[in-house]
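One structure is given here, and the rest of the page talks about it.
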Amino acid sequence: MTQETGGFAALDLHPNIVAAVLATGYEEPSAIQQQSIPIILAGHDMIGQAQTGTGKTAAFALPILNKIDVSKREPQALILAPTRELALQVATAFETYAKQMPGVNVVAVYGGAPMGPQLRAIRNGAQIVVATPGRLCDHLRRDEKVLSTVQYLVLDEADEMLKLGFMDDLEVIFDAIPATRQTVLFSATLPSSIRSIAERHLREPKHVKIQSKTQTVTAIDQAHLMVHADQKIPAVLRLLEVEEFDALIAFVRTKQATLDLAAALEAKGYKAAALNGDIAQNQRERVIDSLKDGRLDIVVATDVAARGLDVPRITHVFNVDMPYDPESYVHRIGRTGRAGREGRALLLVTPRERRMLQVIERVTGQKVAEARLPGPQAVLDARIKKLTASLAPLVAEAEATHGQLFDRLTADLGCSARALSAALLRKATNGQSLDLASVEREQPLVPTFAARERSSERSDRGERSERGDRERRAPMPLAEGRVRCRTALGARDGIAAKNLLGAILNEGGLARDAIGRIQVRDSFSLVELPEDGLERLLTKLKDTRVAGKQLKLRRYRED
Ligand code: AMP
0 MTQETGGFAA LDLHPNIVAA VLATGYEEPS AIQQQSIPII LAGHDMIGQA QTGTGKTAAF
60 ALPILNKIDV SKREPQALIL APTRELALQV ATAFETYAKQ MPGVNVVAVY GGAPMGPQLR
120 AIRNGAQIVV ATPGRLCDHL RRDEKVLSTV QYLVLDEADE MLKLGFMDDL EVIFDAIPAT
180 RQTVLFSATL PSSIRSIAER HLREPKHVKI QSKTQTVTAI DQAHLMVHAD QKIPAVLRLL
240 EVEEFDALIA FVRTKQATLD LAAALEAKGY KAAALNGDIA QNQRERVIDS LKDGRLDIVV
300 ATDVAARGLD VPRITHVFNV DMPYDPESYV HRIGRTGRAG REGRALLLVT PRERRMLQVI
360 ERVTGQKVAE ARLPGPQAVL DARIKKLTAS LAPLVAEAEA THGQLFDRLT ADLGCSARAL
420 SAALLRKATN GQSLDLASVE REQPLVPTFA ARERSSERSD RGERSERGDR ERRAPMPLAE
480 GRVRCRTALG ARDGIAAKNL LGAILNEGGL ARDAIGRIQV RDSFSLVELP EDGLERLLTK
540 LKDTRVAGKQ LKLRRYRED
């Protein structure tokens with residue numbers, strides 16, 4: 000066991016829960032967990048002021064798992080969440096933390112799915128029910144006793160639930176649960192409506208708030224980038240192409256993530272290493288020394304493992320995973336900009352973490368500007384710039400040392416100086432793509448999204464949420480020789496895949512198997528087409544209309 004595991008082990012949780020948490024890769028409890036877990040374990044009602052990203056789910060899930068009686072096959076804990084997405088996420092978190100507790104059953108109850116199986120799962124012995132208020136009320140209307148055995152109630156993101164108009168549903172649910180229950184309420188903000196709920200339904204609640212002091216970070220140029228969680232590694236690789244860094248530290252949340260990212264970086268030729276709590280102290284010191292003296296350029300670390308790390312060479316901090324609180328953000332980015340130097344900090348933000356970004360901006364008193372992922376042209380320019388920089392010192396003197404050899408080689412090969420230089424360049428650049436078309440081909444598609452896009456997590460029952468999901472789902476990888484094209488026509492224009500297929504086949508004169516996948520989204524569609532002859536094909540389709548509207552198919556670049 001490493002020294003940090005003491006953090007969770009000291010919390011009085013069942014060893015099987017601690018083991019599952021450590022197996023997940025968490026190294027130590029976050030601030031909200033540290034404070035909430037003892038209070039909930041002690042049986043108090045609680046109000047926790049915390050946002051997504053602070054680790055609030057585990058802050059209530061771990062003590063609740065500790066409290067339930069696995070031998071009883073009836074609902075004991077009810078977690079209310081504002082949206083289907085959050086309900087599913089919380090249910091999955093419970094399952095993860097309960098991995099080493101046989102007999103624990105978790106059911107997620109939300110709108111848009113059939114009610115029968117949900118009710119059966121509850122009746123079949125789920126001890127933990129994670130539900131959206133609207134759907135749970137539907138169940139209560141069918142069976143008013145369904146919650147009569149619940150002893151622990153958690154309201155997660157209570158302010159969001161009220162914003163979505165669930166106030167009345169919450170009252171119905173409070174009434175359906177025995178008054179002897181323990182109630183825990185988490186909310187990012189505490190408007191009077193929340194305080195009034197707490198007054199009426201919580202008993203002498205303890206308050207937990209992660210104190211946020213304003214801290215300024217001036218010498219550091221900060222930016223954020225919106226990216227989906229599963230696209231973080233390609234996004235980091237792309238950013239590194241253009242960022243001019245000396246040494247860089249990338250922060251992630253789990254040990255596994257340190258290993259995954261470090262491996263991806265090494266595979267791309269970066270001198271990178273992982274730093275996490277599993278690595279023995281003397282080995283960690285070696286990693287830090289290597290970063291100091293340039294044997295390493297990138298360290299991928301968890302917060303715990305990076306403690307005390309002070310390397311003046313660090314010019315960049317990448318927050319690949321969101322920090323738990325603004326203080327640790329400030330702490331992380333303070334690793335750069337040391338000794339009066341300039342530093343740059345980049346923060347990757349996933350859709351669910353937008354709020355945390357706002358909190359960071361408030362606490363640091365600074366706007367963290369939105370950056371875009373560099374496109375192929377920027378990547379190419381950066382590569383050429385690096386190549387030029389590496390050649391610059393040589394052109395001054397290599398002619399003296401290698402000029403004769405050059406003459407001999409051109410003579411022996413019977414080629415022009417240009418031809419030989421090109422051959423040498425190809426050799427020296429080791430297969431790296433250095434023209435636009437090959438950079439475009441090689442760059443994986445990294446779908447990003449803009450900060451202003453509304454989150455899809457706002458609607459529990461409506462279909463807007465599902466549609467939002469579909470809009471933002473990452474495109475699938477492309478087959479060799481295919482490119483993706485986009486049209487602004489989508490489902491809302493009454494378009495189906497077969498209409499697009501028909502139009503392209505008829506007007507483009509293509510064979511059926513030349514057309515790849517067609518994805519119809521709400522406000523646009525993507526079609527996979529052969530790269531070969533694409534311009535010709537797009538010209539042919541210039542005036543094509545589908546469902547009465549102009550198709551206007553264009554090559555799609557996600558940047
Ligand atoms: P939440 O604020 O509950 O949505 O949690 C945000 C993310 O932090 C989730 O991906 C969790 O898996 C992760 N997380 C929560 N607690 C810890 C911890 N103590 N160490 C590392 N990661 C954590």
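According to numbering that gives the first Met the number 0, the sequence shown is numbered sequentially starting from 0.
The beta carbon of each residue, even a glycine, is placed where N, CA and C say it ideally should be.
Burial is judged here by how many other beta carbons sit within 10 angstroms of a residue's own beta carbon; HIS138 has at least 16 and is buried. Cβ neighbours of MET355 within its own chain (closer than 6 Å, five residues either side excluded): GLN50, GLY52 and MET321. Between ALA30 and ILE209 the beta-carbon gap is near 5 Å, inside 8 Å, which marks them as a contact.
Runs of beta strand (DSSP E) with 3 or more residues, each lying fully within the stretch 342-400, are found at 342-348, listed in chain order. For GLU530, the closest of ALA410, ALA513, ALA120 and ALA175 by C-alpha to C-alpha distance is ALA513. Straight across, the Cα-Cα distance linking ARG371 with ILE313 is about 23 Å. Annotated three-state conformation of HIS227 is coil, per DSSP. DSSP, read as helix, strand or coil, puts PRO28 in coil.
With contact defined as three or more Cβ pairs closer than 8 Å, the stretch 11-29 and the stretch 171-191 are not in contact. Across the set PHE173, LEU435, ARG440 and ALA422, the C-alpha of LEU435 shows the shortest separation from the C-alpha of GLN376. Within the stretch 59-141, the beta strand (DSSP E) runs of at least 3 residues that lie entirely inside it are, in chain order, 76-79, 105-108 and 127-130. Residues ALA502, GLU506 and LEU550 of the same chain have their beta carbon placed closer than 6 Å to that of THR543, with the five preceding and five following residues left out of the count. Taken in chain order, the whole alpha helix (DSSP H) runs of length 4 or more contained in the stretch 256-316 are 280-292. Between GLU27 and VAL241, the C-beta spacing is not below 9 Å. Among the bridge pairs identified by DSSP, ASN318 is matched with PHE250 and LEU346. ASP309 and VAL519 have their C-alpha atoms roughly 50 Å apart.
For ARG407, the secondary structure class from DSSP, reduced to helix, strand or coil, is helix.
Sequence-distant partners of VAL378 (beyond 5 residues in either direction) whose C-beta falls short of 8 Å from its own C-beta, in its chain, are ARG237, GLU240, VAL241, VAL438 and GLN442. ILE176 is positioned such that its CB atom lies closer than 9 Å to that of SER147. For PRO529, the uninterrupted beta strand (DSSP E) run begins and ends at 524-529, by DSSP. Remark: fewer than three beta-carbon pairs, one from each stretch, lie closer than 8 Å, so the stretch 341-355 and the stretch 274-283 are not flagged as touching. Straight-line measurement puts the Cα of LEU274 at about 35 Å from the Cα of VAL153. Distance from the CA of ALA490 to the CA of ASP521, rounded to the nearest whole angstrom, comes to 5 Å. Not one heavy atom of the ligand AMP sits closer than 8 Å to the Cβ of GLY42. Following the DSSP letters along the chain, one finds ARG440 in no beta strand (DSSP E) but inside the alpha helix (DSSP H) bounded by residues 435-441.
With a contact defined as Cβ atoms closer than 8 Å, THR131 and TYR109 qualify at about 5 Å.
For the 9 Å CB-CB criterion, SER524 and ARG485 form a contact. Out of ALA60, GLU341 and HIS43, the CA that lies nearest to the CA of HIS13 is found in ALA60.
In this structure, GLN88 has its CB closer than 8 Å to one or more heavy atoms of the ligand AMP.
Cβ contact annotation for SER415 (same chain, cutoff 8 Å, sequence separation greater than five): THR409, in chain order. Between the ligand AMP and PRO62, a heavy atom-to-CB distance of less than 8 Å is absent. The residues ILE31, ALA49 and PHE185, in chain order, have a CB closer than 6 Å to that of LYS55 in the same chain once the five nearest residues on each side in sequence are set aside. Relative to the ligand AMP, the beta carbon of TYR328 is positioned no closer than 8 Å to any heavy atom. Nearest Cα to VAL482 within the set GLY493, GLU534 and ALA510: GLU534. Counting along the chain, no beta strand (DSSP E) covers LEU536; the unbroken alpha helix (DSSP H) around it starts and ends at 533-539. In this structure, GLN255 has its beta carbon at no less than 8 Å from each heavy atom of the ligand AMP.
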